[in-house]
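Report on the following structure.
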Amino acid sequence: MCRKKVRDELYMKEALKFAEKSLKISEVPVGAVIVLENEIISTGMNKREFSKNALWHAEIEAINSACKKIGAWRLLNCEIFITLEPCLMCTGAIINSRIKRLVFGAFDTKSGACGSAAINCLEFPFAHYFEEIKKGVLENECSEILKRFFKKLR
1149 MCRKKVRDEL YMKEALKFAE KSLKISEVPV GAVIVLENEI ISTGMNKREF SKNALWHAEI
1209 EAINSACKKI GAWRLLNCEI FITLEPCLMC TGAIINSRIK RLVFGAFDTK SGACGSAAIN
1269 CLEFPFAHYF EEIKKGVLEN ECSEILKRFF KKLR
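Be aware that the sequence shown starts at 1149, since it is given in the numbering used here, and climbs by one per residue.
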């Protein structure tokens, strides 16, 4: 197994830990971690119901925390690992924060904005582009936690 794949899976497993925490508070289980120079500098989990705030997605929490930690809005040289393909809002926030690399696990055919749903933000000519986008990392594990959540709702 190549080194980069192992590294991506390692950080996605960390994001999955935060998805599990979301699950425990009855949120849609999505987790995110932001990495700078091989160190996790921030984390996030879905907290929309808990916070009563439509903006509080895992990615937004992680970006907010990372900006505070490094003292800048530009998250240059950072990578974000998310258990679910980001929505339109989160994709915009990731692009605007200048994150260099996007890695996600499960695809979101209803709300994903990176090619799975009706819109692919990655096709638009924004001022910032990702160095790399990696899709489907630990896809089965990331999908399974979502399936458990929605099965429990029914």
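Beta carbons: idealized from backbone N, C-alpha and C, even for Gly.
Alpha carbon of residue i to alpha carbon of residue j, nearest angstrom
i: Val1176; j: Thr1191; result: 16 Å
i: Phe1277; j: Arg1246; result: Checking the sequence shown, residue 1277 turns out to be Tyr, not Phe. Spanning the two alpha carbons is a distance of roughly 8 Å.
i: Asp1258; j: Ser1264; result: Per the sequence shown, residue 1258 should be read as Lys rather than Asp. One C-alpha to the other measures close to 8 Å.
i: Ala1261; j: Met1237; result: 9 Å
Boundaries of the alpha helix (DSSP H) in which residue i is found, first to last residue
i: Gly1240; result: 1236-1244
i: Val1154; result: 1151-1172
i: Arg1296; result: 1287-1301
i: Ala1210; result: 1206-1218
Classification of residue i by the beta-carbon crowding that lies within 10 angstroms, buried from 16 upward
i: Phe1166; result: buried
i: Val1154; result: exposed
i: Asn1336; result: The first residue shown for the chain is 1149 and the last is 1302, placing residue 1336 beyond what the model contains.
i: Ile1173; result: exposed
i: Ile1243; result: buried
i: Lys1195; result: buried
i: Met1219; result: It is Gly, not Met, that sits at residue 1219 in the sequence shown. Gly1219 comes out exposed.
i: Ile1281; result: exposed
i: Phe1252; result: buried
i: Cys1150; result: exposed
i: Ser1137; result: The structure shown does not extend to residue 1137, since the chain is modelled only from 1149 through 1302, so no value can be given for it.
i: Glu1207; result: buried
DSSP bridge partner residues for residue i (one or two, in chain order)
i: Ile1228; result: Ile1182, Leu1250
i: Thr1191; result: Val1181
i: Ile1281; result: Leu1250
i: Cys1262; result: Asn1268
Residue i beta carbon near the ligand SAM (any heavy atom closer than 7 Å)
i: Glu1157; result: This structure lacks the ligand SAM; in fact it carries no ligand of any kind.
Segment limits, beta strand (DSSP E) that includes residue i
i: Lys1200; result: Neither: Lys1200 is in no beta strand (DSSP E) and is coded neither H nor E.
If contact is defined by three or more beta carbon pairs under 8 Å, each pair taking one atom from either stretch, is the segment 1268-1276 in contact with the segment 1212-1220?
no
Segment contact, 8 Å Cβ cut-off, at least three pairs: the segment 1279-1294 with the segment 1223-1239:
yes
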